[in-house]
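Notes follow the structure.
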Amino acid sequence: MAKLIFEMSRPGRTAYSLPPCDTATDLRDRKTAGQTGSDGKGAQEDVACSLIPERFRRKKDAELPEVSEVDVIRHFTELSRMNHGVDNGFYPLGSCTMKYNPKVNEDIAALEGFRAVHPYQADETAQGCIQILYEMDRMLKEITGMDRFSLQPAAGAHGELAGLMIIKAYHDYRGDTGRTKIIVPDSAHGTNPASAAMAGFEAIEVKSDERGGVDLKALKAAVGPDTAGLMLTNPNTLGLFDENIKEIARIVHDAGGLLYYDGANANAIMGICRPGDMGFDVVHLNLHKTFSTPHGGGGPGSGPVGVKKALEPFLPTPLAEFDGKQYRLDHDRPLSIGRVRSFYGNFGVILRAYAYIRTMGPDGLRKVSENAVLNANYLMHRLKDHFDLPYDRTCMHEFVLSYGKHKETGIRTLDIAKRLLDFGFHPPTVYFPLIVNEALMIEPTETESLETMDLFADTLISIAEEAEKDPEKVKSAPHRTYVSRLDEVKAARNPVLVHMD
Amino acid sequence: MYRYIPNTREDQEKMLSVIGVGSIEELFSDIPEDLRLNRDPELPAGMPEPELTAHMRSIASKNVSTADHPCFLGAGAYDHYIPSVVGHVISRSEFYTSYTPYQPEISQGMLQAIFEYQTMICRLTGMDVSNASMYDGATALAEAALMAVRSTGRDRVLVSRGVHPQYREVLKTYAANAGIEIVEIGISCGTTDHDELLAALSGLESSGQSNMDAGTAVPGAVAASKATGGTATGFTTTGGTVTSDMATVGTVTDRTAKGAGTAAVIMQSPNFFGVIEDMEAATALAHEHGTLSVACVDPISLAVIQPPGEYGADIAAGDGQPLGNPLNYGGPHLGFLAAKQNLVRKMPGRIVGQTTDSEGRRGFVLTLQAREQHIRREKAVSNICSNQALNALAATVYLSVMGKQGLKQAAELCLSKSHYAYSKLLETGKFEKVHDAPFFREFVVRAVDEPVEEINRRLLDRGIIGGLALERHYPEMNNCWLVAVTEKRTRQEIDAFVEAAVRGGR
Amino acid sequence: MGILEGVKFTKEHEWAREEGGKVYIGISDYAQNALGDIVYVELPAAGKKVKAGDAISVVESVKTASDIYSPVSGTVIEVNDALEDSPELLNEDPYENYIAVIDPENLSELDKLMDEKEYREFCSEEE
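One line per chain: the protein sequences are A, B and C, in this order. The working numbering applies: residue 1 is where the first sequence begins, and numbers increase by one. The working numbering applies: residue 502 is where the second sequence begins, and numbers increase by one. The working numbering applies: residue 1008 is where the third sequence begins, and numbers increase by one.
Written as structure tokens, this is what we have:
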């Protein structure tokens, strides 16, 4: 158990280094502050006090830790060792595309010419940054078959929200104000219905058919004059490509609705097919999934949103433009939904994704998707005889198993997942999608080798066997981690969300 | 050939035979033939690493960097010193290559760091609870407004024009789609006009009581706004539908069900002009009218300025970039969001809680998840999924390094240096006072002789990044200049800045 | 599963019991079992007017949240405050621990609900 940084604190210890106050004397002369301390610091404090009226001043210091620089480094290094990342080992977390994060992209993002640019600098002084935004827009357009991208959304769910606001703005602009419903398949990510609600729509769920795709009958029954659009992930969260996509697009378009593409699973289709050609009107991509930028322990991500021509006026403001000589940001976009965050998006993330696309090139991106799909199908075949495979067909970049028929041992998917931790693997996504009982959602990505996948498959199979022979061992897993299974009920019943000394 | 793809031809053959298909192509047979691209995308050819690095360096070199240009630009993103330690910690790939800590047993590092982050944010702001971070300050503030609407069941939010213009734009975008009415409160002498605020609060209240007649205009607020040159923007209500300055936003659905009245008063301190607002009085005013108080605050300033918890704010939000995060041309930064205990279950985003493992050892987990989209779907308090964990980690390391004394010293340096620059500029006679109010780190002056754009150009020629021309954001503030001075600026740099700001030197 | 006599049930697994003209509402044993460890109960405000079928409360476990619908129209006149600090009471004895008490507009709305036997059958079909 690691100490908290607060528990290491000792009054008087410091880790900071600041320049001296070289402006105090003059100010004191001007402001005629109170008593001057004999040391420089005293003088400085006097100045500070004199510059803020008493009633606005903080009365009691914020109790931040007092530690040395060595303490800080040791503490956070210890914490890092209690954390598992892609660099530590296989991370087949379905729907999250935990591929390798190229190191050169980190070096590029650290260049002072990018990292230390202020977002309010004049366009003439940020030509390199705007060039990245402009070229990224063009490259993403080509990859997805859309007409224009905004790079402003900070994450996938944020892209969804922006995209749905665009759909709303489009309908409203045309005076088509009765379109209040967004159709979402029951296999969708939770963010889809949540984003729909946040954009002021009502989310309507449609069932999946027995092949795991959208049930066309249910879809036909659901669409109508109140349909604003349909949100779809394709391949969907079962890792299956919806073969009826053209028919789905026709049904929604005929009803006057628009099609929204959740790009969470775009790693399966790069260079192979494009949402724009499938009939989608709005698309978001997750640069932190498909385009290899690190997930950072939960963020930052980046969720650019792309649209077809008719929707372009509604994209968030500003957009990057190029007149052949100069790059500039266009703020004059009267029909825009407005801003969805400050400035231009998570530029540092966009930059890494840009470097990735420039590294891979067109053929490389296609190879990414081909190998992602090959790896997933291979792993599925290695495992399908040992677990239930609810949808037994060729998968795309991920697949979903079920560990649903083990009532006699009482072992659940969660136990299998926890036992995997003992062997140095991050478990797959569990209990999602909701339409599969005791689901295990596995996405190996293209950056994993045959040997890694074989080792993972062998381990998972041996855990399944162990679950039959020695269920207690599995139920009480993990055994080799920093902490054993944590009491989530206690955490939620009596929330302790801050440290009290 | 592709260094991030380990499969060899041999590997592929082996895999295909296990799968039982003849080619990779066959795996894509579910995709209708006429939807296939059947060509390479038109993208530039891939680059080997040395070429890529050179290419990226050449693009980077087209930017003017604050690394070698003293920066006097702030306005929501600040050039503070980032201790070396911060970069080293967040470069640990156990942190940056991990995902959201869904499996707590192998994510204790990030979970504990976020728990420490939440604690530090609470101690800085004086609030009871904090989430694990938001995308940025603007979205944190918009979510704070939604939180207030959710908790009060009211659908009107008052926001000061002293709040960052971009934050207000984001707020309007979010509000328009959620059927929330935004009313702006004008500025008087650099701070939020409390008379106007009072008028808006009581005006809105009385119209709220007569209520339900959604067409009722808001006389107090609108009139007061006009009087001070502010705009009671956003929305005017007519016959139950809401139109706005953004042309196409939708109608307010089910107004009556949401109830009337004001959900929150949103103010920023130090405000966009760097001026310290009387938050205590504003909060008291809000509370007198049964309205929540939302404070948008700067984390560095909180070392010396009264924190939201001390004046009784219900929600505190802001941008955490000044805490050890590079400017990054505007992102990634992080937003922080903290609240009083009673609002915790209305709070969006991830929250980390302390618990014990099966052997009684302390550990940390994501908790109160029933608020979130992956469980509540369309009923979730927000759609947010990602936080800005790595940026929150940077903030945690920064605050650990600076500590109790360091943060205060940094804040005092900002105060001292910005006031020095202010006095020096005024001394030249080429700039005049705009507000006469206490400020932190940032201030407004008006250039007397020439356009501020001209001054900024001259500064740039001398290798200095000047302040923000305010007129674009506040049309009434003609030729006003917003100047930020952090602890990084030396007296020499400030003197050079002042000298170059005056045509022909002094 | 333990189901009490004289108690009515909904398809959403709420129970309702009339007592002195007032209607007590809670969740069934089946429901608490399906939810698992209950960590939080969001209680309605006393005085709130509800229609039959309105969500009046949310019962949360670690990984799920379930809306509780009022089986009758009326006014919430009392809530079980003990659940605020001890949500686990719903796990321990779901029939002893009600969530809210409604002053009903029309008691006959209860007639539409299932009796114990019907509910028992309904649950076995759900399994």
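Note that CB positions come from ideal geometry on N, CA and C, so glycine has one too. What you are looking at is a predicted structure, and each value in this text was computed from that prediction instead of being measured.
With distances taken between CB atoms, is the gap from residue 940 of chain B to residue 923 of chain B smaller than 9 Å?
yes
Would residue 744 of chain B pass as an interface residue toward chain C - the criterion being a Cβ-Cβ separation below 9 Å?
Unreliable positioning characterises residue 744 of chain B in this predicted model, as indicated by a pLDDT of 31, which lies under 50. The coordinate reading is nonetheless provided below. Chain C contact via Cβ: absent.
Who does residue 855 of chain B pair with in a DSSP beta bridge?
B:865
Contact under 9 Å by Cβ, residue 485 of chain A with residue 422 of chain A
no
Does DSSP classify residue 232 of chain A as helix, strand or coil?
strand
Taking a cut of 9 Å between CB atoms, which residues from the segment 161–173 of chain A lie near chain B?
161, 162, 164, 165, 168, 169, 170, 171, 172, 173
I'd like to confirm the pairing. Which residues does DSSP put opposite residue 1064 of chain C in its beta bridges?
Residue 1064 of chain C pairs with C:1075.
How do the segment 201–214 of chain A and the segment 234–243 of chain A stand: do at least 3 beta-carbon pairs fall below 8 Å, yes or no?
yes
Closer than 6 Å by C-beta to residue 1108 of chain C: which residues in its own chain qualify, once you throw out the five before and the five after it? Chain order, please.
1029, 1031, 1084, 1085
Please decide whether residue 906 of chain B counts as near chain A, where near means a Cβ-Cβ distance under 9 Å.
yes
Quick one: give me the first and last residue of the alpha helix (DSSP H) that residue 1107 of chain C is part of.
First-last for residue 1107 of chain C: 1107–1111, but that is the beta strand (DSSP E), not the alpha helix (DSSP H).
Only counting the same chain, and skipping five residues up and downstream in sequence, which positions put a Cβ closer than 7 Å to that of residue 147 of chain A?
141, 307, 308, 309, 312
Inter-residue spacing [alpha-carbon to alpha-carbon] between residue 1087 of chain C and residue 1104 of chain C
8 Å
For residue 600 of chain B and residue 295 of chain A, the rounded distance between their alpha carbons:
5 Å
If I follow the unbroken alpha helix (DSSP H) through residue 129 of chain A, where does it start and stop?
First-last of the alpha helix (DSSP H) with residue 129 of chain A: 127–144.
Counted within 10 angstroms of its Cβ, other Cβ atoms place residue 509 of chain B as buried (16 or more) or exposed
It counts as exposed.
Is there at least one Cβ from chain C nearer than 9 Å to residue 841 of chain B's Cβ?
no
I need the DSSP call for residue 6 of chain A, collapsed to helix, strand or coil.
helix
Can you grab the Cα-Cα spacing for the pair residue 184 of chain A / residue 472 of chain A, in whole Å?
40 Å
Check the Cβ of residue 851 of chain B against every Cβ in chain C and list those closer than 7 Å, keeping chain order.
What residue 851 of chain B touches in chain C: nothing, since even the nearest Cβ is about 14 Å away.
Residue 1094 of chain C versus chain A: which residues are under 8 Å apart at the beta carbon?
493
Shorter than 9 Å from the beta carbon of residue 51 of chain A to some beta carbon of chain B?
yes
In terms of residue numbering, what span does the beta strand (DSSP E) encompassing residue 1018 of chain C cover?
No beta strand (DSSP E) contains residue 1018 of chain C, which DSSP labels as neither H nor E.
Reduced DSSP category for residue 123 of chain A - H, G, I as helix; E, B as strand; rest coil
helix
Since residue 981 of chain B is in the beta strand (DSSP E), which residue starts that stretch and which ends it?
981–985
Which residues share a DSSP beta bridge with residue 932 of chain B?
Under DSSP, residue 932 of chain B shares a beta bridge with B:948.
Chain-ordered neighbours of residue 1072 of chain C on chain B, where CB pairs are closer than 7 Å
871, 876, 877
Nearest to residue 188 of chain A (by Cα), restricted to the options A:235, A:169, A:226:
A:235
Contact the segment 254–264 of chain A vs the segment 223–231 of chain A: 3+ CB pairs below 8 Å:
They touch, by the three-pair rule.
Looking at chain A, is there any beta carbon in it that lies within less than 9 Å of the beta carbon of residue 1044 of chain C?
yes
Check for me: the alpha helix (DSSP H) holding residue 380 of chain A runs from which residue to which?
Residues 347–383.
May I ask you to report which of helix, strand or coil DSSP gives residue 283 of chain A?
strand
Tell me, to the nearest whole angstrom, how far the beta carbon of residue 272 of chain A is from that of residue 529 of chain B; I am working on the premise that it is less than 8 Å.
6 Å
How far does the beta strand (DSSP E) with residue 399 of chain A in it extend, from its first residue to its last?
399–402
Any residues in the segment 1031–1058 of chain C with a beta carbon nearer than 7 Å to a beta carbon of chain A? Which ones, in chain order?
1044, 1046, 1047
3 or more residues per run - each beta strand (DSSP E) lying fully within the segment 304–341 of chain A
305–307, 319–322, 327–330
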